[in-house]
Structure formats: structure tokens, C-alpha cells
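Take a look at the structure below.
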Amino acid sequence: MNIKYLPYHLIGTLVLLEILSIISTDSMWPWGIVSHESLALRIVGWILIVQLCFGLLFCLVLRMVPDRPCPICYKDLKSFISVYGAPCICPKCRTIFHDKCFKSKPRCPVCYPDTDAEADIPLDFRSEFLPD
Ligand SMILES: [Zn+2]
Ligand SMILES: [Zn+2]
Numbered sequence: 055m056n057i058k059y060l061p062y063h064l065i066g067t068l069v070l071l072e073i074l075s076i077i078s079t080d081s082m083w084p085w086g087i088v089s090h091e092s093l094a095l096r097i098v099g100w101i102l103i104v105q106l107c108f109g110l111l112f113c114l115v116l117r118m119v120p121d122r123p124c125p126i127c128y129k130d131l132k133s134f135i136s137v138y139g140a141p142c143i144c145p146k147c148r149t150i151f152h153d154k155c156f157k158s159k160p161r162c163p164v165c166y167p168d169t170d171a172e173a174d175i176p177l178d179f180r181s182e183f184l185p186d
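Residue 186 is where the sequence shown ends in this note's numbering, and the numbering goes up by one at each step.
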């Protein structure tokens, strides 16, 4: 499922639940469905409510993920969840990565930076030619 459509999915589920509730129990509250005498309606009601709860829970988790890029692929943590996997956190440095990005590395790149990258110090000779 694409993250972008999650809010629409949630609203859709809620509307469906409301319509079912009003039609079958004449009430705005969906609790009537889950105790309705019709078994089919109870099952549908439960499925919708469970979907809604999971969706809301997922939204809450997403809200806790900061708006910043993944340090491995440099793409936004939230927008690329469907491509690079759910956010996962390094237990040592508490940096958040995409699950697939983190698993593609043998070690956490923040805790263990590549030594090659460290040796590559950019040299700036221009300062010597600056006018006094
Ligand atoms: Zn990533
Ligand atoms: Zn780390």
C-alpha cells in the first residue's frame, strides 16, 4: 500500500463504517454493528474497525518519524517507505534508516563510517592566492 493514500484509505473505511452503521442500526456509532444480530454484518464491522485501528496506529508511528532523509540512500524517510521499507532505528546511535537500506549494509554507516570517505579530505589551495 502506498503511504500517500493512507489518509484517503482511512477516511474511506470510516465513511463505509458510518454508512453501514446508519443503515443497520440507525446510529452514528459503529458499536451497534459489532453487536448486530447478523453475523455477516458483525464480521464486516470488525474487519473495518480493525483496519481503521491499524491505519491510525500506522499514522501515529509515521508522525514520530522525522522529516529527514535516510543517511544511506539520501531519500526522504517517509515518502520512500514503499520502496525502501519501513523506518528502522540503529540501537546504538539512534539514527533512523529505511529497513532495506540498513540491511544492505554490513554495519551501521553512522556508527562505523567508511574509512575511505574519511581519508578523502578536500584540499583547498585557493586560500594561498587570495589578495592581501
Ligand atoms: Zn534509505
Ligand atoms: Zn548506528
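All C-beta atoms in this analysis are idealised placements derived from N, C-alpha and C, irrespective of residue type, glycine included.
Grouping DSSP H, G and I as helix and E and B as strand, with all else coil, what is residue i?
i, result
"P141", "strand"
"P163", "coil"
"I126", "coil"
"S133", "coil"
"K146", "coil"
"W85", "helix"
Given 8 Å as the limit, tell me if residue i has its C-beta closer than that to any heavy atom belonging to ligand 1.
i, result
"A126", "Just to set this straight, residue 126 is Ile in the shown sequence, not Ala. True, at least one ligand heavy atom lies under 8 Å from that Cβ."
"K154", "yes"
"K129", "yes"
Can you tell me the Cα-Cα spacing of residue i and residue j, whole angstroms?
i, j, result
"F156", "L114", "22 Å"
"M82", "I103", "14 Å"
"C107", "T67", "10 Å"
"S75", "G86", "7 Å"
"P123", "F134", "9 Å"
"I65", "V98", "16 Å"
"L110", "V164", "31 Å"
"V137", "D80", "43 Å"
How is the alpha helix (DSSP H) around residue i delimited, first residue to last?
i, result
"I76", "L60 to T79"
"I103", "L93 to M118"
Taking only beta-carbon atoms, is residue i less than 9 Å away from chain C?
i, result
"L71", "Checking the listed chains, one finds no chain C in this structure; it contains a single protein chain."
Since residue i is in the beta strand (DSSP E), which residue starts that stretch and which ends it?
i, result
"I150", "I150 to H152"
Does the beta carbon of residue i fall short of 8 Å from some heavy atom of ligand 2?
i, result
"C162", "yes"
"K146", "yes"
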